[in-house]
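Colleague: Sequential numbering from 1 applies to the sequence shown in the UniProt record's numbering. Positions of the beta carbon are idealized from the N, C-alpha and C atoms, including for glycine.
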Amino acid sequence: MTARHVTHATFTIERLYDASPEQVFRACSDPAIKRQWFAEGESWIVESYDLDFRVGGIEASQFKFRSGERMRYDALYQDIVPNQRIIAAYSMMIGDNRISASLATTELTPAGNGTKLVFTEQGAYLDGFDNVEQREAGTRELFESLARALERETA
């Protein structure tokens with residue numbers, strides 16, 4: 001039997017965007033826009049993506065890496081304050097292995113002519129399949145992708 005273990009960790013990312021809180025919130029809540037920056041990527045093929053953006057709603061995506069390995073993301077929205085806050089509980093799987101379960105809080109505040117985004121993730125990383133360093137790096141890449149999506153939307 002494989003030894004099971006959990007590593008708990010929290011990280012916070014702060015990011016400034018040249019877009020209003022309303023525009024950033026829309027990029028997080030509009031299924032077509034969010035799919036572009038959150039689910040699409042060069043290293044994988046999106047097999048499914050669904051977003052029911054409301055308290056109690058789900059967000060789910062499944063994609064396949066070019067190597068053939070599948071990854072799944074399942075989130076449940078816990079709290080939404082338009083243009084200010086989004087809280088979701090989510091888990092991730094690679095193949096048949098659950099690799100993490102997390103609580104993610106996104107806060108949006110006006111900052112000059114733009115928006116300050118503060119993202120905090122409290123994660124339980126499971127059985128050595130994932131770790132906080134990889135998750136933070138991946139999240140930073142997602143926020144870079146969000147910046148590109150906002151540039152397209154506000155151009």
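1. Given this structure, state the Cα-to-Cα distance separating Ala60 from Asn113, to the nearest angstrom.
2. Tell me whether Trp118 sits in a helix, a strand or coil according to DSSP, three-state version.
3. Could you spell out the range, first to last residue, of the beta strand (DSSP E) harbouring Pro21?
4. Here's the rule: buried if 16 or more other CB atoms are within 10 angstroms of the residue's CB, otherwise exposed. What is Phe119?
5. Which term fits Asp130, buried or exposed, when burial requires 16 or more other beta carbons within 10 angstroms of its beta carbon?
6. Within 10 Å of its beta-carbon, does Ile45 have 16 or more other beta-carbons around it, so buried, or fewer, so exposed?
7. I need the straight-line Cα distance from Ala32 to Leu146, nearest angstrom please.
8. I'd like the list of long-range same chain contacts for Ile94, defined as Cβ closer than 6 Å, with 5 residues on each side in sequence excluded.
9. Which residues in the same chain as Met1 place their Cβ atom closer than 7 Å to its Cβ, once the five residues preceding and following it in sequence are excluded?
10. For Leu92 and Gly57, what's the separation of their Cα atoms in angstroms?
11. Quick check on this structure: which residue in Thr154, Glu40 and Thr139 has the alpha carbon closest to the alpha carbon of Ser48?
12. To test your reading of the DSSP string, which unbroken beta strand (DSSP E) runs of 3 or more residues are found completely within the segment 39-104?
13. Taking just the CA atoms, how far does Thr12 sit from Glu136?
14. According to DSSP, is Ala111 part of a helix, a strand, or is it coil?
Modeller: So, from the data block:
1. 33 Å
2. Checking the sequence shown, residue 118 turns out to be Val, not Trp. Three-state DSSP puts Val118 in a strand.
3. Segment Pro21 to Ser29 is the alpha helix (DSSP H) holding Pro21; no beta strand (DSSP E) there.
4. buried
5. buried
6. exposed
7. 13 Å
8. Met71
9. Caution applies to Met1, whose pLDDT of 44 falls short of 50 and renders its modelled position unreliable; the value that the coordinates give is listed next. No residues qualify anywhere along the chain.
10. The displayed chain sequence assigns Met, not Leu, to residue 92. So the alpha carbons of these two residues sit roughly 17 Å apart.
11. Glu40
12. 44-51, 58-65, 70-81 and 85-94
13. 8 Å
14. strand
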